[in-house]
Amino acid sequence: MNSLWIFPGQGGQSASMLQGVDADLRTHVEDLLGLKLQDTDEAYQDSVQLQVGIELLQVAQIDAMFKAGLRPHLVAGHSLGVFAAAYALGSLQKDDLFRTVKRRAELMQGAYPSGYGMGVIVGLSRSEVEKLVARVHSTAHPVYASNQNAEDQTALSGELDAIAQVVALAKQNGAARALRLKVPVPSHSPLMTEVSTQLAAAMSAVELTKPNGIYLANYSGRAVRQVAPILEDLTANLKYPVYFEAMMGVARDYQPDSIVNFAPGQPFRKVLAQKFGDLHQINLNQMSVSDAAFLLNKWERGSY
Amino acid sequence: MEKLHFKYQATQPIDHPVHIGVVASGDLEVIMKPTDKTESELNIVTGSDGFKEVWQNVLTRFFARYPLLADFEINDFGATPGVVNLRLTQAMEALKDEQ
Amino acid sequence: MSEERNWATHREAKARKLAAISSLLDGKIAQTKDAKTLLEGLIAPGDKVVLEGDNQKQASFLSKTLAAVDPEKINNLHMIMSSISRPEHLDIFEDGIASKMDFSFAGPQSTRVSQMIADGTLKVGDIHTYLELYARLYVDLIPNVVLVAADKVDHEGNLYTGNNTEETPVIVEAAAFHDGIVIVQANEIVDKVPRVDIPSDWVDVVIPADEPYQLEPLFTRDPQNINELQILMGMMAIRGIYEKHNVQSVNHGVGFNTAAIELLLPTYGEQLGLKGKIVPNWEVNPTPTLIPAIESGWVKSIHSFGGEVGMEKYIAARPDVFFVGPDGSMRSNRAFGQMAGQYALDMFVGSTLQIDQYGNSSTVTNGRLSGFGGAPNMGSNPTGRRHSTPAWQSLRPDNDPLGKGQKLVVQMVETFGSNKRPVFVDSLDAVKVREEAKLANVPIMIYSEDTTHIVTEEGIAYLYKTDSMAERQAAIEAIAGVTPVGLRSNPDTVKDLRARGIVAFPEDIGVNRNQATRSLLAAQNMEDLVKWSKGLYNPPAKFRSWS
């Protein structure tokens with residue numbers, strides 16, 4: 038099986054999403070971190086609850102896939118999802134993952150209490166967005182072109198007023214959609230450099246091993262097979278845009294025969310349709326791991 | 329889902345209605361009906377938002393070449409500009425062939 | 443007199459290498475498990491290595507083996523490949539086994555190729571057309587080692603490459619006659635090959651592969667996916683180009699536009715009374731959408747660059763049309779096919795991803811360096827051509843006493859791609875890619891000066907009739923729809939261009955748009971093609987929706 042496994046970041050969470058998670062695993066993580074996971078909408082306002090919750094869900098799904106005898110050939114995490122991606126290739130160990138993710142959430146929470154966030158522009162090219170950003174950006178009012186999630190879909194990251202100005206300019210210049218996102222942190226921009234540095238320090242004792250497959254890196258959009266660029270992605274992806282569109286372009290060159298979208302949410306429908314057409318896809322947001330395993334095995338046998 | 333409305337000066341009145349195309353993915357239907365007004369009116373419902381300027385360009389080009397005076401109703405399900413032009417010109421041809 | 447020079451250093455080096463691995467061979471035949479040891483013994487650091495891989499057939503066992511060698515033993519290879527198709531073709535650069543690449547086509551790996559060039563991981567010698575790359579194997583890229591694939595090999599080492607002979611002969615010859623080493627992966631070792639495509643004395647080592655070489659059904663187009671715009675454009679092309687210029691010989695590109703034309707000949711072409719009058723002779727892969735035209739008597743001959751999965755039995759049963767050996771299977775030859783495509787054809791019809799305001803076209807788009815393949819050989823006017831045909835002569839300018847004809851080079855495109863992005867642009871993405879990848883030239887697939895016709899859903903621009911760049915641009919604008927280029931079109935200019943026959947809309951050439959429906963296609967789906975072939979065509983599983 039030549040499967041591409043995709044791990045989304047924040048955004049698709051919902052209350053009770055951890056209900057199906059293996060109880061022993063959940064207890065283990067809660068004990069490890071000294072943290073009681075609430076799994077409620079209210080709790081998911083809290084960055085630590087949210088980030089640890091999402092990664093617990095993804096790790097539980099990965100373990101279940103492993104148990105069903107399934108392994109990825111390619112992995113792509115988006116933002117927070119990089120940790121599960123590195124875990125899926127055996128590069129990052131479980132306990133290291135959860136300790137790091139908790140620390141990441143704490144650092145992000147403390148970094149920009151108010152006045153900063155993200156936006157998105159649909160219908161303009163990245164170079165067009167970069168031109169608009171350059172007209173607004175200043176040291177006092179910083180804004181950056183951030184994640185590239187599809188060819189015509191570029192995120193903004195920075196100060197809220199500056200984002201609002203770019204959004205207004207984008208609408209005047211023919212964007213199909215332009216809006217602020219409900220994200221309280223200017224993620225994936227140079228404003229996160231300090232957080233990245235602290236996260237790298239927190240990860241200095243963590244040992245990564247060589248991945249058993251191809252890892253698609255957020256910060257470069259490259260396919261990598263070595264430890265160093267994976268470590269860079271885990272610690273520093275917050276200060277770079279996520280080049281998700283480029284990651285999927287490279288993934289296509291590896292000619293995967295199926296895609297598994299891990300929960301929560303299903304945010305990449307558009308770019309996946311653009312890049313992969315009608316390639317077989319599994320959405321673990323809507324399907325149990327055992328159903329997924331059944332389908333993947335059936336496709337592998339070639340009986341459509 | 330977006331509703332668009334356009335008016336164009338036109339000189340060639342049509343004398344009976346015509347219906348071309350279907351509302352299927354990547355396609356659209358065009359309905360033209362005779363009108364008493366002095367300009368063509370178009371009511372468009374489209375599944376793809378943010379393409380008002382493209383629609384205007386397609387229609388401007390069409391009316392410059394084929395100034396049909398009619399009421400137009402267009403229901404679009406994500407057709408490319410090429411398909412939109414094909415359906416409009418097919419409707420134009422259908423009217424001519426019947427004359 | 444100084445000391446006598448040794449004139450056989452290559453031969454002696456080759457003999458030494460072969461002697462060192464001779465214990466692993468039984469005659470020329472090796473064992474699968476020794477593949478890696480053999481490559482490590484026969485390839486030296488810095489060697490020029492041809493790895494066979496064109497857009498259909500891949501020496502996949504040898505490419506996987508090469509990716510597994512020890513970079514301490516083999517490194518800095520200079521790879522020469524007509525097509526970069528498989529992930530391991532690039533992994534060898536990441537791992538230091540190879541450092542430089544001369545190639546033609548990188549479609550299936552175009553994103554990674556462009557990233558690795560930008561990162562400096564892959565150093566590009568140059569990007570070629572197929573013919574140029576083959577030619578350089580005999581001039582300044584003479585290979586030290588070639589790695590190729592065969593279907594069947596006998597115990598002597600004679601190769602049968604059959605339907606998929608493709609570029610094996612041109613690669614092997616370059617090494618075999620200049621003391622290069624020829625290593626072959628074999629699908630099967632047999633007592634007797636059906637016919638000898640490559641004689642054993644050109645071959646040094648044969649390794650039975652663990653699985654058959656990768657073969658892609660690249661030229662199979664399911665008629666189900668042909669849309670009405672493509673049908674309309676096909677009707678316009680048949681009327682406004684094939685018929686008008688009395689075209690006798692043609693190459694079709696890979697796209698659905700030309701598949702539509704193939705399926706319109708037995709229906710629309712028949713209605714126009716064109717059967718027996720146009721396109722009897724083809725240089726084209728055995729594309730299944732040609733079956734209805736062949737069966738209804740439109741086609742006299744087809745020579746092919748390569749085979750096509752599933753067409754083997756059908757081809758074998760039609761030796762009057764295809765090039766079939768005495769054994770009953772087709773022989774393809776990519777080098778001869780490209781030569782024919784460049785020099786012997788009246789017309790090339792293809793498609794592209796971008797056309798600029800002047801008529802230059804490219805399939806290179808931002809972040810994807812796909813290379814050229816063979817299209818520029820077909821899609822160019824060979825100025826060395828001296829023989830005349832009616833179609834060629836019909837493009838001769840009438841104001842030049844020394845004038846001559848021109849090959850018809852036709853681009854068929856919808857004005858907007860399926861992603862709703864304009865095909866007609868002011869400046870090609872290729873211009874930017876040239877800067878990023880530091881290429882010597884902008885990677886243009888077909889230049890404006892060679893492009894004689896452009897067909898869109900709006901009409902045909904007869905570019906060869908224009909007498910200035912401004913007029914050429916106006917003709918393109920007239921059929922470029924509502925792209926940024928098309929929006930510059932002026933209604934009065936369009937009227938004038940139509941009156942002078944430089945631009946034709948469907949109504950100007952008697953094409954009825956309402957006839958452009960899918961029912962006009964001679965086959966609606968793959969099952970229809972099988973029926974037309976009388977059950978001889980056997981589509982690959984991924985094209986089967988029935989049974």
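Protein sequence lines, in the order shown, are assigned to chains S, E and P. Letter by letter, the first sequence follows residues 38 to 341 in the numbering used here. Letter by letter, the second sequence follows residues 329 to 427 in the numbering used here. Letter by letter, the third sequence follows residues 443 to 989 in the numbering used here. Cβ coordinates follow ideal geometry from the N, Cα and C atoms, glycine included. Please read all numbers here as calculations on a predicted model, not as lab measurements.
What residues of chain P sit near residue i, judged by a beta carbon separation below 7 Å?
i	result
residue 337 of chain E	Simply none; closest approach about 13 Å.
residue 417 of chain E	955
residue 311 of chain S	861
Given a cut-off of 8 Å, decide if residue j and residue i are closer than it, judged by their beta-carbon atoms.
i	j	result
residue 645 of chain P	residue 456 of chain P	no
residue 304 of chain S	residue 48 of chain S	yes
residue 502 of chain P	residue 602 of chain P	no
residue 726 of chain P	residue 703 of chain P	no
residue 893 of chain P	residue 851 of chain P	yes
residue 806 of chain P	residue 708 of chain P	no
residue 797 of chain P	residue 865 of chain P	yes
residue 360 of chain E	residue 342 of chain E	yes
What does residue i touch in chain E if you count any residue whose Cβ is under 9 Å from its own?
i	result
residue 1003 of chain P	Outside the shown range of chain P (443 to 989) lies residue 1003 of chain P, about which nothing can therefore be said.
residue 214 of chain S	377 and 378
residue 211 of chain S	378 and 381
residue 962 of chain P	Going along chain E, no residue has its Cβ under 9 Å from residue 962 of chain P, so there is no contact; the nearest lies around 14 Å.
For the beta strand (DSSP E) that contains residue i, what are its first and last residues?
i	result
residue 984 of chain P	It is not in any beta strand (DSSP E) - residue 984 of chain P carries neither H nor E in the DSSP assignment.
residue 251 of chain S	251-253
residue 650 of chain P	647-650
residue 519 of chain P	519-525
residue 291 of chain S	Neither: residue 291 of chain S is in no beta strand (DSSP E) and is coded neither H nor E.
residue 404 of chain E	399-405
residue 856 of chain P	Per DSSP, residue 856 of chain P belongs to no beta strand (DSSP E) and is neither H nor E.
residue 493 of chain P	490-493
residue 153 of chain S	153-159
Please list, in chain order, the chain P residues whose beta carbon lies closer than 8 Å to that of residue i.
i	result
residue 286 of chain S	553, 809 and 810
residue 260 of chain S	554
Alpha carbon to alpha carbon, what distance is there between residue j and residue i?
i	j	result
residue 336 of chain E	residue 393 of chain E	12 Å
residue 341 of chain S	residue 251 of chain S	Caution applies to residue 341 of chain S, whose pLDDT of 43 falls short of 50 and renders its modelled position unreliable; the value that the coordinates give is listed next. Distance between the alpha carbons of residue 341 of chain S and residue 251 of chain S: 27 Å.
residue 888 of chain P	residue 899 of chain P	20 Å
residue 155 of chain S	residue 225 of chain S	9 Å
residue 633 of chain P	residue 956 of chain P	60 Å
residue 83 of chain S	residue 119 of chain S	20 Å
residue 148 of chain S	residue 871 of chain P	40 Å
residue 630 of chain P	residue 516 of chain P	28 Å
residue 750 of chain P	residue 759 of chain P	15 Å
residue 95 of chain S	residue 121 of chain S	6 Å
residue 506 of chain P	residue 107 of chain S	23 Å
residue 989 of chain P	residue 309 of chain S	Because the pLDDT at residue 989 of chain P is just 47, under 50, the model does not fix this residue reliably, and the point stays unresolved.
residue 193 of chain S	residue 383 of chain E	28 Å
residue 793 of chain P	residue 660 of chain P	15 Å
residue 740 of chain P	residue 522 of chain P	39 Å
residue 529 of chain P	residue 551 of chain P	7 Å
Could you work out which residues of chain E lie near residue i, taking near to mean beta carbons separated by less than 8 Å?
i	result
residue 160 of chain S	378
residue 954 of chain P	421 and 425
Start and end of the alpha helix (DSSP H) containing residue i?
i	result
residue 974 of chain P	968-974
residue 779 of chain P	776-785
residue 383 of chain E	380-393
residue 993 of chain P	Examination of residue 993 of chain P is not possible in this model, given that chain P is present from 443 through 989 alone.
How would you list, in chain order, the residues of chain E whose beta-carbon sits under 7 Å from the beta-carbon of residue i?
i	result
residue 671 of chain P	410, 411 and 414
residue 899 of chain P	410, 413 and 414
If the cut is a Cβ gap below 7 Å, which residues of chain S does residue i touch?
i	result
residue 969 of chain P	In chain order: nothing, as chain S lies at least about 16 Å away.
I want to verify the contact list: residues of chain S whose CB lies under 8 Å from the CB of residue i, in sequence order.
i	result
residue 550 of chain P	290 and 292
The region 910-941 of chain P: positions lying closer than 7 Å to chain E by Cβ: 923, 924, 929 and 933
Residues within the region 378-393 of chain E neighbouring chain S, beta-carbon criterion of under 9 Å: 378, 379 and 381
Members of the region 266-295 of chain S that neighbour chain P once the beta carbon cut-off is set at 8 Å: 283, 286, 287, 289, 290, 291 and 292
Residues from the region 860-875 of chain P in contact with chain E, defined by Cβ distance under 8 Å: 860 and 862
Residues, ordered as in the chain, of the region 670-695 of chain P that lie near chain E by beta-carbon distance below 7 Å: 670, 671 and 674
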